[in-house]
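A short worksheet on the structure shown next.
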Amino acid sequence: MAEIIGGKRMFGFGVLCTAVLTMLTPLAARAGLGYFIALRIVEGIGEGVTFPAMHAMWGQWAPIWERSKLAGFSYAGAQLGTVIAMPICGILADSDFLGGWPSVFYVFGVLGCVWFVAWMLLVHDTPAKHPRISKVERDYIEKSIGVREKMPTPWLAILTSPAVWATSAAHFANNWGFYTMLTCLPTYMKDVLKFDIKSDGFVSALPYLVCWMSMNISCNLADFIRSRGFLSTLNTRRVINSFGLLAPAILMSCIGLVGCNYVVVVVMLTFAVGLGGFCMGGFQVNHLDLAPNFSGTLMGITNMIATIPGFLGPYVVGVLTNNQETRGQWQKVFYISAGVYVAGTVIFALFARGTEQSWNKPNGDVSFRNNRNVSYSVLEGDNTANGAIVNR
């Protein structure tokens, strides 16, 4: 949808829908459980369009050698927003403002609506539609990403592409550890580490902070490596993605070896989850490498698969712990998460690709996009992004 009507509208109205429903949440909660669940389902549908729509936007805006850092900067905002929102939610819930806990939903819902107005006024689907962009910047972007044409979605080619499934596997693996740990971490700290649950709010925000930093570091590093020709795009994605999955796998495997030392365990868990942000410079921008014209569609597919751990992971935790909240039972959870991380790493390393796929072009025309072995001058030659050799 974002590739048809534009990422601007899809993303903007998705957030607006979520914001309005957020404001209605206290009303639905008071009306009954059924109303609350129905509202949350619809809210999830509205929120579900955001990642694919954003990828569709970057497919139109991100120059080849800036894809990682631009996409990473935007997606990292979700992690930073969580860090900022957590203490604000606590303050609002404990206050008498607008009834206490309902104020959390009212305040953030209103902020979402205000953001929507700014988004619709300031953002445009393509450089050609932007009324305030300079000619130098527009020419640079359009020369870098090539001409865009609307084409029918090549569903068969996409669904039979090993590269797409490799990205899906890495996305699934990353989300398995991320969702499993973040949803179950407070339970582990309370029942196993015997840590005061009232202090969990601050600790629970730490993984998001580390993840925000990891995403920005990995994406800037990825573009630096690619643009300087140190590694090909494919090998850059492989190396950074492997670190983003294997580092958490190692940390999770070692958690059971440090006993019940609260500080050490929390540090290890924080980095086990947070270092997954390095995957932003790996599989999470690989959609743009494979098919800029269909990057929104690809993100929709991989993100759909990657939401499965959101409900499957906590279920597995419940089965494995079996109401026996012991360190030994939880170590099984950590080992399984580590195994999923390793599997995702191997599949991505073997089957991922770093070049634009033939089905991204009309009739597989290799001349559809610019020759990438060209240097584009930015701001009258002050900076040069040399495309030679590195995009193999």
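The sequence shown: position 40 = 26 (this note's numbering), numbered continuously.
C-beta atoms are modelled at their ideal positions from N, C-alpha and C, and glycine is treated no differently.
{"Query": "Alpha-carbon spacing of L274 relative to T222, whole angstroms", "Result": "14 Å"}
{"Query": "For P38 and N346, the rounded distance between their alpha carbons", "Result": "17 Å"}
{"Query": "Expected contact under 8 Å - CB spacing of M283 and I144 to nearest Å", "Result": "The sequence as given places Thr at residue 283; Met does not occur at that position. Their Cβ separation, rounded to whole angstroms, is 7 Å, which keeps T283 and I144 in contact under 8 Å."}
{"Query": "Reference A149, options L78, A338 and K115, closest by Cα", "Result": "A338"}
{"Query": "Member of C99, G20 and M201 whose CA lies at the smallest distance from the CA of G(-2)", "Result": "C99"}
{"Query": "P348, DSSP secondary structure in three states", "Result": "helix"}
{"Query": "Buried versus exposed, by CB contacts within 10 Å (16 or more), M290", "Result": "exposed"}
{"Query": "P348 versus I294: straight-line alpha-carbon distance, rounded", "Result": "33 Å"}
{"Query": "V93, enclosing alpha helix (DSSP H) - first and last residue", "Result": "W87 to L108"}
{"Query": "Cα-Cα separation between I241 and L107, rounded to whole angstroms", "Result": "48 Å"}
{"Query": "Rounded distance between the beta-carbons of L231 and A159, thought under 8 Å", "Result": "6 Å"}
{"Query": "Residue of G63, F94, A62 and Q65 minimising C-alpha distance to G76", "Result": "F94"}
{"Query": "Cβ separation of G163 and V259, assumed to be a contact under 8 Å, to the nearest whole Å", "Result": "7 Å"}
{"Query": "Residue of L207, L237 and R16 minimising C-alpha distance to L56", "Result": "L207"}
{"Query": "G263 beta carbon less than 9 Å from that of W198", "Result": "yes"}
{"Query": "Segment limits, alpha helix (DSSP H) that includes C3", "Result": "G(-7) to A17"}
{"Query": "Contact set for N202: own chain, Cβ-Cβ below 7 Å, skip 5 residues either direction", "Result": "G58, F59 and A62"}
{"Query": "Check whether G268 and C170 have beta carbons under 9 Å apart", "Result": "no"}
{"Query": "A155 versus L243, T173 and N272, residue with shortest Cα-Cα distance", "Result": "N272"}
{"Query": "CB contact flag (V196, T312, <9 Å)", "Result": "no"}
{"Query": "Buried or exposed by the 16-neighbour rule on C-beta atoms within 10 Å, applied to F188", "Result": "exposed"}
{"Query": "Continuous alpha helix (DSSP H) stretch holding K115: start and end", "Result": "Segment: none, K115 is in no alpha helix (DSSP H) and carries neither H nor E."}
{"Query": "Entirely enclosed alpha helix (DSSP H) segments - the region 180 to 221, minimum 4 residues", "Result": "186 to 214"}
{"Query": "Residue-chain proximity (G(-7), chain C), Cβ-Cβ < 9 Å", "Result": "Here chain C cannot be found, since the structure has a single protein chain."}
{"Query": "Cut-off 6 Å between Cβ atoms - residues of its own chain near V109, not counting five sequence neighbours on either side", "Result": "K(-6)"}
{"Query": "Alpha-carbon spacing of M167 relative to M43, whole angstroms", "Result": "31 Å"}
{"Query": "Start-to-end residues for the alpha helix (DSSP H) that takes in I241", "Result": "Neither: I241 is in no alpha helix (DSSP H) and is coded neither H nor E."}
{"Query": "W105 versus G67: straight-line alpha-carbon distance, rounded", "Result": "17 Å"}
{"Query": "Within 9 Å, strictly: CB atoms of V319 and V303", "Result": "yes"}
{"Query": "Inter-residue Cα distance where the pair is G286 and G(-8)", "Result": "15 Å"}
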